[in-house]
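Going left to right, the sequence shown walks through residues 157 to 384 as our numbering numbers them. Cβ atoms here follow ideal geometry from the backbone N, Cα and C, with glycine treated the same way. One structure is given here, and the rest of the page talks about it.
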Amino acid sequence: MRSNLFDASNAERQTNERWALQSQKMLRCALTPQAPEIVSAAGAMVAYQGQLDFSYQGSGGGMKLLKKMATGEGANMMRASGHGEVFYARQAHDIFLVQLEGEALTLNTKNMLAFDSSIDWDIKSLGGAGFMAGGLFNLLLQGHGMVAVTSDGPPMLLDCSQQPTYVDPQAAVCWSANLAPQIKNDFKMGSLIGRGSGETFQLAFHGPGFVVVQPSEGVPVVGGTGGR
157 MRSNLFDASN AERQTNERWA LQSQKMLRCA LTPQAPEIVS AAGAMVAYQG QLDFSYQGSG
217 GGMKLLKKMA TGEGANMMRA SGHGEVFYAR QAHDIFLVQL EGEALTLNTK NMLAFDSSID
277 WDIKSLGGAG FMAGGLFNLL LQGHGMVAVT SDGPPMLLDC SQQPTYVDPQ AAVCWSANLA
337 PQIKNDFKMG SLIGRGSGET FQLAFHGPGF VVVQPSEGVP VVGGTGGR
């Protein structure tokens, strides 16, 4: 049988690293019983090898449970454990690894691919405005471990310290945890900006820190409220 499908460049990349990019669009994670489990977005696992177990990532109850229920599918997560390798991907989006060394990072829930279970997490929202912007719920990660973030296309890093920075809620990938974005209403009758009525609301960042923006607003949803 002959095909460039079987080229060595398409074969699994063998490595001793726990977290490694199989390609720019696929992540390979090695698991052992001694290592932290891996928490991922539900549905992000595309293949695995070895003896692995997968379970639903609970919220821990209390306020976390209520916030997780409010996000709908946005914050559904799975936990992987055992001995083997697991491969993650999300709609062929680009994947970037972030090593947390005690710092905190805020993620758009739809851009979270996976992270070490040793990292503390919580769900943040911007209240009622989040629903008007198409369902805006953020994941706050803090501690020590690896995080895999996705971007729908090559991302852009913006410095928010010099001047106010405004970002479409669906295009924001992640930002400095010390930044507290505010909702800015850009609605003017007959002059909407962005993809539709959901994009009349922008995230306003200003202060020492960064925001990462992807060149996409996600998949449109009928009704113009924006997609996850």
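Counted within 10 angstroms of its Cβ, other Cβ atoms place residue i as buried (16 or more) or exposed
i      : result
His199 : The amino acid occupying residue 199 in the given sequence is Gly; His does not appear at that position. Classification of Gly199: exposed, given that the 10 Å Cβ count is below 16.
Arg184 : buried
Gly290 : Summary for Gly290: the model assigns pLDDT 44, below 50, so the residue's position carries little reliability, and this model does not support an answer.
Gly374 : buried
Phe162 : exposed
Pro311 : buried
Thr262 : buried
Met157 : exposed
Ala304 : buried
Ala308 : The sequence shown places Asp at residue 308, rather than the Ala named in the question. The residue in question, Asp308, is buried, as its Cβ has 16 or more Cβ neighbours within 10 Å.
Gln319 : exposed
Leu359 : buried
Among the options, the one whose alpha carbon lies nearest that of residue i
i      : options                        : result
Arg246 : Thr265, Leu335, Asn334         : Thr265
Asp278 : Asn294, Met268, Asp272         : Asn294
Gly363 : Asn341, Phe357, Pro337         : Pro337
Leu208 : Val242, Met234, Pro192         : Val242
Thr171 : Ser159, Ala186, Ala164         : Ala186
Ser274 : Ser281, Arg235, Gly309, Tyr244 : Arg235
Asn334 : Pro189, Leu297, Glu173, Pro192 : Leu297
Ser317 : Ser237, Glu193, Gly238, Gly365 : Gly365
Ala191 : Met201, Val202, Met182, Glu173 : Glu173
Ile339 : Ser332, Ser281, Asp308, Gln319 : Ser281
Gln244 : Glu168, Thr188, Met182         : Residue identity check: residue 244 is Tyr in the sequence provided, not Gln. Looking at the Cα atoms, Met182 is the closest of the given residues.
Gly299 : Gly258, Gln319, Leu314, Asp315 : Gly258
Beta carbon of residue i nearer than 8 Å to that of residue j
i      : j      : result
Gln178 : Asp250 : no
Tyr212 : Gly240 : no
Ser196 : Ala270 : yes
Thr321 : Asn267 : no
Gly301 : Asp324 : no
Trp175 : Leu253 : yes
Glu193 : Ser237 : yes
Phe361 : Asn341 : no
Identified DSSP bridge partners for residue i
i      : result
Lys340 : Gln358
Ser307 : Asp250
Phe162 : According to DSSP, which records beta bridges pairwise, Phe162 is partnered with nothing at all.
Cys330 : Leu263, Val368
Lys280 : Asn294
Thr188 : Note: Thr188 sits in no beta bridge, so no partner.
Thr321 : Phe361
Met234 : Ser196, Tyr212
Gly301 : Leu256
Gly240 : Leu187, Gly206
Met390 : The structure shown does not extend to residue 390, since the chain is modelled only from 157 through 384, so no value can be given for it.
Leu314 : Val367
(request) State whether the stretch 325 to 333 contacts the stretch 360 to 374, with contact taken as three or more CB pairs (one from each stretch) at a distance under 8 Å. (result) yes
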